[in-house]
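One structure below.
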Amino acid sequence: MLSASGHAGLLHLGKCIHGHVCRNRLSLDLFVRNGLIDLYGKCGNYGKARTVFNNTTETNLMSWNSLINCYGLHRQTEE
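Going by numbering that gives the first Met the number 0, the residue at position 41 of the sequence shown is 40; the numbering climbs one at a time, nothing skipped.
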């Protein structure tokens with residue numbers, strides 16, 4: 000759902016999913032966190048993408064790729 004929301008530019012839907020996960024104290028495993036970084040990045044909210052990345056205790060190649068892609072899409076090459 001997060002990936003589809005990001006590809007379609009449906010930031011509101013992605014935020015609803017993120018809120019639901021947080022409100023219900025569901026696990027934000029690395030797969031979900033990477034999906035959130037990707038979602039926020041594709042929807043132009045690179046500040047929120049960076050916040051999710053910074054709050055991730057464990058990152059992997061997908062985490063970094065999602066964040067780098069986010070900055071590249073929005074010409075934030077200095078970041």
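For every residue, glycine included, the Cβ atom is placed at its ideal position computed from N, Cα and C. Quantities reported herein were computed from a predicted structural model and do not represent experimental measurements.
Check: Local Cβ density within 10 Å of Ser65, reported as buried at 16 or more and exposed below that; Outcome: buried
Check: Euclidean distance between Cα positions of Arg22 and Gly71; Outcome: 31 angstroms
Check: Closest by C-alpha distance to Val31, when choosing among Ile16, Gly43 and Tyr45; Outcome: Ile16
Check: Proximity of Leu35 and Ala48 at Cβ, strictly below 9 angstroms; Outcome: yes
Check: Below-9 angstroms beta-carbon distance, Asp37 vs any chain B residue; Outcome: Structure shown: chain B not included; a single protein chain is present.
Check: Start and end residues, alpha helix (DSSP H) containing Asn33; Outcome: Leu29 to Lys41
Check: Reduced DSSP secondary structure (H/G/I, E/B, other) of Arg24; Outcome: coil
Check: Cβ-based burial, Asn59 [other Cβ within 10 Å; buried from 16]; Outcome: exposed
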